[in-house]
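K.L.:
One structure, pasted below without further comment.
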Amino acid sequence: DGGITQSPKYLFRKEGQNVTLSCEQNLNHDAMYWYRQDPGQGLRLIYYSQIVNDFQKGDIAEGYSVSREKKESFPLTVTSAQKNPTAFYLCASSIARGTARYGYTFGSGTRLTVV
Amino acid sequence: RKEVEQDPGPFNVPEGATVAFNCTYSNSASQSFFWYRQDCRKEPKLLMSVYSSGNEDGRFTAQLNRASQYISLLIRDSKLSDSATYLCVVNANTGNQFYFGTGTSLTVIP
Numbered sequence: 486d487g488g489i490t491q492s493p494k495y496l497f498r499k500e501g502q503n504v505t506l507s508c509e510q511n512l513n514h515d516a517m518y519w520y521r522q523d524p525g526q527g528l529r530l531i532y533y534s535q536i537v538n539d540f541q542k543g544d545i546a547e548g549y550s551v552s553r554e555k556k557e558s559f560p561l562t563v564t565s566a567q568k569n570p571t572a573f574y575l576c577a578s579s580i581a582r583g584t585a586r587y588g589y590t591f592g593s594g595t596r597l598t599v600v
Numbered sequence: 017r018k019e020v021e022q023d024p025g026p027f028n029v030p031e032g033a034t035v036a037f038n039c040t041y042s043n044s045a046s047q048s049f050f051w052y053r054q055d056c057r058k059e060p061k062l063l064m065s066v067y068s069s070g071n072e073d074g075r076f077t078a079q080l081n082r083a084s085q086y087i088s089l090l091i092r093d094s095k096l097s098d099s100a101t102y103l104c105v106v107n108a109n110t111g112n113q114f115y116f117g118t119g120t121s122l123t124v125i126p
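So the protein lines, in turn, are chains A and B.
Using the working numbering, you'd call the opening residue of the first sequence number 486 and step up by one each time.
Using the working numbering, you'd call the opening residue of the second sequence number 17 and step up by one each time.
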């Protein structure tokens, strides 16, 4: 079955440590996205990529980095510069460039906690 | 001004009730509109797209009002399993980027 897979499901980070969240899709989608969701709040865009080897900052990119070396993969690194990283991280992908008629498909998310 | 605004609720309704949610958007050039459902501690899942002429999927009806820049979701004959947060999603006019509302919480009570 096609889908989008995030790992790990739960992640604990020590202060000052970088961690990388994995996102892989086999839907042949061009565009991929990373969102952050805090309790009781909406989704906020961190980074997105519409094509391999290209990505754009979203609304809250500071303290995060991404790469898009393969169409299927869009890993997110939460660096030590991100001062409040505890959140639910969601990866998504979408089928079409231009007008997005089909919405997003989301992964099941990664819960990151700073300990 | 936020790109997408929703009443956060919560909406607490009895089983069998009809409930409606509205969502307003700020960008008049937006072309694509969706309702997503998010269960507690889970990822959002696409509930339905919203078409210009309005559309229905079983007990769910979605409508778009471009003149007033809002979309709505109507749920008839509410079930306990409808309890969730409903997210309004609108695309930006730049490629595939979407804006999400903060969600409206619905609890259906026995």
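The beta carbon of each residue, even a glycine, is placed where N, CA and C say it ideally should be.
Is the Cβ of F27(B) closer than 8 Å to any Cβ of chain A?
P.N.:
Not an interface residue.
K.L.:
Could you check the C-alpha separation between F573(A) and C104(B) for me, to the nearest Å?
P.N.:
Straight-line Cα distance between these residues: approximately 19 Å.
K.L.:
Starting from T77(B), find everything on chain A with Cβ-Cβ shorter than 9 Å and list it in chain order.
P.N.:
Within chain A, no residue comes near T77(B); the closest Cβ sits about 18 Å away, beyond 9 Å.
K.L.:
Need the endpoints of the beta strand (DSSP E) that N71(B) sits in, please.
P.N.:
Its beta strand (DSSP E) spans residues 71 to 73.
K.L.:
So is the beta-carbon of W519(A) under 7 Å away from any non-hydrogen atom of the ligand HEM?
P.N.:
The model depicted lacks the ligand HEM and carries no ligand whatsoever.
K.L.:
Which partner residues does Q541(A) have in the DSSP bridge list?
P.N.:
The partner list for Q541(A) (beta bridge, DSSP) reads Y533(A).
K.L.:
Does any CB atom of chain B fall closer than 8 Å to the CB of G487(A)?
P.N.:
No, G487(A) does not count as interfacial toward chain B.
K.L.:
Measure the Cβ-Cβ separation of I125(B) and E31(B) and say whether it is below 8 Å.
P.N.:
The answer is yes: Cβ separation under 8 Å.
K.L.:
Quick one: what's got a C-beta closer than 8 Å to V35(B)'s C-beta in the same chain, skipping five residues either side?
P.N.:
Contacts found: F27, V29, L90, I91, S94, L122.
K.L.:
Run the CB neighbour count on I489(A), radius 10 Å, all protein chains shown included, and call it buried at 16 or more, exposed below.
P.N.:
Under this definition I489(A) is a buried residue.
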